[in-house]
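Going from the sequence shown to my numbering is simple: count from 1 and add 12.
The C-beta atom is built at its ideal place from N, Cα and C for all residues, glycine as well.
A short write-up of the structure that comes next.
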Amino acid sequence: MKKLLLAATMLAGMAMPGHADTVLKLTEVITSPERTETLKSLVDKFETENPGTTVEITSLPWGEAFEKFATMVSAGETPDVVEMPDTWLALYGKNGALENLEPYLKDWQYTSDLNDRALEFGRAVDKTAYTLPYGFYLRALFYNKALFKDAGVENPPKTLAEFHHIAAKVAKLPGKSGYCLRGGPGGLNGWVMFGATMAGSNEFFKDDGTSTFADPGWVKGLAFLIDMYKDGLAPKDSVNWGFNEIVAGFYSGTCAMLDQDPDALIAIDQRMKEDEYGVAPMPKGPDGKAFPTIGYAGWSMFANSEHKDLAWKLIATLEGPEGNIAWNKRTGALPVLKSAESDPFYAQDKFKGWFEELNDPDVHPTMMPTDLEEFAFFKDSLVIKTSQQALLGQITPEELGQEWADYLTAAKQKQMGK
13 MKKLLLAATM
23 LAGMAMPGHA
33 DTVLKLTEVI
43 TSPERTETLK
53 SLVDKFETEN
63 PGTTVEITSL
73 PWGEAFEKFA
83 TMVSAGETPD
93 VVEMPDTWLA
103 LYGKNGALEN
113 LEPYLKDWQY
123 TSDLNDRALE
133 FGRAVDKTAY
143 TLPYGFYLRA
153 LFYNKALFKD
163 AGVENPPKTL
173 AEFHHIAAKV
183 AKLPGKSGYC
193 LRGGPGGLNG
203 WVMFGATMAG
213 SNEFFKDDGT
223 STFADPGWVK
233 GLAFLIDMYK
243 DGLAPKDSVN
253 WGFNEIVAGF
263 YSGTCAMLDQ
273 DPDALIAIDQ
283 RMKEDEYGVA
293 PMPKGPDGKA
303 FPTIGYAGWS
313 MFANSEHKDL
323 AWKLIATLEG
333 PEGNIAWNKR
343 TGALPVLKSA
353 ESDPFYAQDK
363 FKGWFEELND
373 PDVHPTMMPT
383 DLEEFAFFKD
393 SLVIKTSQQA
403 LLGQITPEEL
413 GQEWADYLTA
423 AKQKQMGK
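Next up, the structure:
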């Protein structure tokens, strides 16, 4: 009987054409229930078009993703395709872990539809496409119209001074706070925006590779956020808040203002009506300039994949017009395809704040120094620990800026060969 079963199994395998019984591993790292369901639907389409291929999805919680994924890689448990945040790209691209996608892009029918930013960011490491961005994340300011009205505020802030003034007025309302501070995972964006806006510059380094984080302007911006927390203008427990907590703090009416990317619209739109909130450009600093952070995430292939052609097919399915537009509409990212920009979805009022930023010459979208191999640890470990110490009064703003400057100066000068 065993021989018959073995023979039947062998015959079945011989009869299956192409990539029979192939398992592709896909790891998602910026995870939410909505994103995962959308990803599954796109993967279902890929599996239908590639009979005999199964995609195994692993979804890591974003707050723990950096450490968990690093552990997976160290253990040799690498996926074929991974969702690659911009802040991780240098770490994995510099050590040869990622496949060069240039040969695939050369022959892909939709490469010419990618906008210039997508190709520029995808080639951020060694001018080589180690990732294919799927969308951009640009910060803008969400504001709660009802809380503004209750506090006697008519319009969103245009300057940091107005931002602080409005936050203070809202904080006088019982049980309300002015600002949804992100003191936990992913908090670096806020520190950078307020630091650069107060300094009037988004230059992270001087010509000799010295970090600007310890400079007076940047320290003043760090102190601005720290003082807001200490003065009770942000919720007390926001020292530990990550993405889910700040978004929930906004749509629940706990705090009136939130700086976030378009992906926050997913949860907010489910719980608030369109006339209950607005999205405005980030407030400007003393120099009349604003520096909202812009980031991206994409799809990368691991170089040790045993199924590279199939892995590219999966990436192409996710990145093609049908897949990419469906994904961005659910994740809230701004599109990377030129053809997607004419979609009626992006013409809605709720996207105006982001497009106003992109069209304002005094607004300078700011890319993090993700080309540094050490940046991933800086963002996802060092910054969280030290910024929380500063918020709790354990270190001063000057000490915080100096610690960050020392770390990044060493990383930059190493990169420069000094």
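When DSSP builds the beta bridges, which residues end up paired with G310? Position 298 of the sequence shown, counted from the start, is the residue given in the question as residue 310. Beta-bridge partners assigned by DSSP to G310: M96, P145.
Among M269, L384, S393, Q406, which residue has its Cα nearest to the Cα of G429? Numbered from its first residue, the sequence shown carries residue 429 at position 417. For the residues M269, L384, S393, Q406, the minimum Cα distance to G429 belongs to L384.
Can you name, in chain order, every residue of its own chain whose Cβ lies under 7 Å from the Cβ of E95, other than the five neighbours on each side? To locate residue 95, count along the sequence shown from 1; it is residue 83. Counting only Cβ-Cβ distances below 7 Å, and skipping sequence neighbours, we find T39, E40, V41, I42, A309, W311.
Backbone CA spacing between V93 and A276 [nearest angstrom]: For the purposes of this step, residue 93 is taken as residue 81 along the sequence shown, with counting starting at 1. For the purposes of this step, residue 276 is taken as residue 264 along the sequence shown, with counting starting at 1. Spanning the two alpha carbons is a distance of roughly 25 Å.
Helix or strand or just coil, what does DSSP make of G335? If you number the sequence shown from 1, residue 335 lands on position 323. In this structure, G335 counts as helix in the three-state DSSP scheme.
What number of angstroms, rounded off, separates the C-alpha of G297 from the C-alpha of K350? Reading the sequence shown from its first residue, position 285 is the one you call residue 297. Reading the sequence shown from its first residue, position 338 is the one you call residue 350. Between G297 and K350, the C-alpha separation is close to 32 Å.
Buried or exposed for G199, going by 16 or more other Cβ atoms inside 10 Å? In the sequence shown, the residue the question calls residue 199 occupies position 187. Counting the other Cβ atoms within 10 Å of the Cβ of G199 gives 16 or more, which makes it buried.
With 16 as the cutoff for other CB atoms within 10 Å, does Q360 come out buried or exposed? By one-based count along the sequence shown, residue 360 stands at place 348. Exposed: under 16 other Cβ atoms inside 10 Å.
Three-state secondary structure (DSSP) at I42? Position 30 of the sequence shown, counted from the start, is the residue given in the question as residue 42. Of the three classes helix, strand and coil, the one that applies to I42 here is coil, per DSSP.
Check whether the Cβ atoms of T90 and F314 lie closer than 7 Å to each other. Sequence index remark: in the sequence shown, residue 90 carries index 78 (1-based). Sequence index remark: in the sequence shown, residue 314 carries index 302 (1-based). Result yes, Cβ atoms of T90 and F314 sit closer than 7 Å.
Between Y191 and the rest of its own chain, which residues show a CB-CB distance below 7 Å, the 5 nearest in sequence each way excluded? Position 179 of the sequence shown, counted from the start, is the residue given in the question as residue 191. Around Y191: A179, M240, L245, A246, C267, M269.
Quick check on the burial criterion: 16 or more other C-beta atoms within 10 angstroms. Buried or exposed for F387? What you label residue 387 is simply residue 375 of the sequence shown in a count that begins at 1. Around the Cβ of F387, a 10 Å sphere holds 16 or more other Cβ atoms; the residue is buried.
L127 and V348: beta carbons closer than 7 Å? Mapped onto the sequence shown, residue 127 falls at position 115. Mapped onto the sequence shown, residue 348 falls at position 336. With the sequence shown as reference, residue 127 is identified as Asn, and Leu is not the correct amino acid for it. One thing to note: N127 has its Cβ within 7 Å of the Cβ of V348.
I'd like to confirm the pairing. Which residues does DSSP put opposite D271 in its beta bridges? Within the sequence shown, the letter at position 259 stands for residue 271. Answer is L153.
For T171, report the span of its beta strand (DSSP E) as first-last. For the purposes of this step, residue 171 is identified with residue 159 of the sequence shown, where counting begins at 1. Judged by DSSP secondary structure, T171 falls outside any beta strand (DSSP E); it is assigned neither H nor E.
CB Y155 to CB P168, shorter than 7 Å? Sequence index remark: in the sequence shown, residue 155 carries index 143 (1-based). Sequence index remark: in the sequence shown, residue 168 carries index 156 (1-based). In this structure, P168 lies closer than 7 Å to Y155 by Cβ.
Please classify L16 as buried or exposed, where buried requires at least 16 other C-beta atoms within 10 Å of its C-beta. As a position in the sequence shown, residue 16 is number 4, starting the count at 1. Here L16 scores only 36 on pLDDT, less than 50, and its place in the model should not be relied on; the value that follows carries that caveat. Exposed is the call here.
Hey, could you find the ends of the alpha helix (DSSP H) E79 is sitting in? Numbered from its first residue, the sequence shown carries residue 79 at position 67. It spans 74 to 86 - the alpha helix (DSSP H) in which E79 sits, taken as one unbroken run.
If distances are taken between C-alpha atoms only, which option among T50, K426, A417 comes closest to E215? Against the sequence shown, residue 215 aligns to sequence position 203. Cα-wise, what sits closest to E215 is A417.
Return the Cβ separation of L153 and P295 in integer angstroms, given the expectation that the two are a contact with Cβ distance under 8 Å. One-based indexing of the sequence shown puts residue 153 at position 141. One-based indexing of the sequence shown puts residue 295 at position 283. Right, the Cβ-Cβ distance comes to about 7 Å (below 8 Å), so this counts as a contact.
Could you tell me which of P274, R47, W339 sits nearest to K364, measuring between CA atoms? Numbered from 1 along the sequence shown, position 352 holds the residue referred to as residue 364. Of the candidates P274, R47, W339, the residue whose Cα lies closest to the Cα of K364 is P274.
Can you give the Cα-Cα distance for P100 and A136, rounded to whole angstroms? Against the sequence shown, residue 100 aligns to sequence position 88. Against the sequence shown, residue 136 aligns to sequence position 124. Position check: residue 100 holds Trp in this sequence, whereas Pro was assumed. Taking the straight line joining both Cα atoms gives about 11 Å.
Which of helix, strand or coil DSSP assigns to G25: The residue given as residue 25 occupies position 13 in the sequence shown. Any reading at G25 must be qualified, since the residue scores a pLDDT of 40, below 50, and its modelled position is unreliable; the value itself is stated next. Three-state result, G25: helix.
What three-state label does DSSP hand L245 in the structure shown? Here residue 245 corresponds to residue number 233 of the sequence shown, with the count starting at 1. Reduced to three states, the DSSP call for L245 is coil.
Using alpha carbons as the reference points, say which of N252, V67, K181, D138 lies closest to N112. Against the sequence shown, residue 112 aligns to sequence position 100. Looking only at N252, V67, K181, D138, the smallest Cα-Cα distance to N112 is reached by D138.
Using a Cβ-Cβ cut-off of 8 Å (strictly less than) and excluding sequence neighbours within five positions of E288, which residues of its own chain qualify? Residue mapping note: residue 288 aligns to position 276 of the sequence shown, counting from 1. Once the five neighbours on either side are set aside, the close Cβ partners of E288 are N156, K157, A158.
What number of angstroms, rounded off, separates the C-alpha of T70 from the C-alpha of A87? In the sequence shown, residue 70 corresponds to position 58, counting from 1. In the sequence shown, residue 87 corresponds to position 75, counting from 1. Across the structure, T70 and A87 are spaced so that their CA atoms are roughly 16 Å apart.
Three-way DSSP call (helix, strand, coil) for P381 in this model: Stepping through the sequence shown from its first residue, residue 381 is reached at position 369. For P381, the three-state secondary structure derived from DSSP is coil.
Determine the burial state of G300: buried for a count of at least 16 other Cβ atoms within 10 Å of its Cβ, exposed for fewer. Along the sequence shown, read from residue 1 onward, the residue named residue 300 stands at position 288. Of the other Cβ atoms in all chains shown, fewer than 16 fall within 10 Å of the Cβ of G300; this residue is therefore exposed.
Segment limits, alpha helix (DSSP H) that includes A130: Position 118 of the sequence shown, counted from the start, is the residue given in the question as residue 130. From DSSP, the alpha helix (DSSP H) with A130 extends over 128 to 134.
How about E68 and K118: are their beta carbons less than 7 Å apart? Taking the first residue of the sequence shown as position 1, residue 68 is located at position 56. Taking the first residue of the sequence shown as position 1, residue 118 is located at position 106. Not in contact: E68 and K118 (Cβ atoms no closer than 7 Å).
Report the CB separation of R194 from I258 in whole angstroms; it is logged as a contact under 8 Å. What you label residue 194 is simply residue 182 of the sequence shown in a count that begins at 1. What you label residue 258 is simply residue 246 of the sequence shown in a count that begins at 1. About 5 Å; that satisfies the 8 Å criterion.
I'd like the span of the beta strand (DSSP E) that includes V291, first residue to last. Along the sequence shown, read from residue 1 onward, the residue named residue 291 stands at position 279. Unbroken beta strand (DSSP E) run through V291: 289 to 292.
For the alpha helix (DSSP H) that I258 lies in, which residues bound it at each end? The count along the sequence shown starts at 1 and reaches residue 258 at position 246. Element bounds for I258: 255 to 263.
For the beta strand (DSSP E) containing V204, name the first residue and the last one. Within the sequence shown, numbered from 1, the residue matching residue 204 stands at position 192. That residue, V204, is in no beta strand (DSSP E); its alpha helix (DSSP H) goes 200 to 211.
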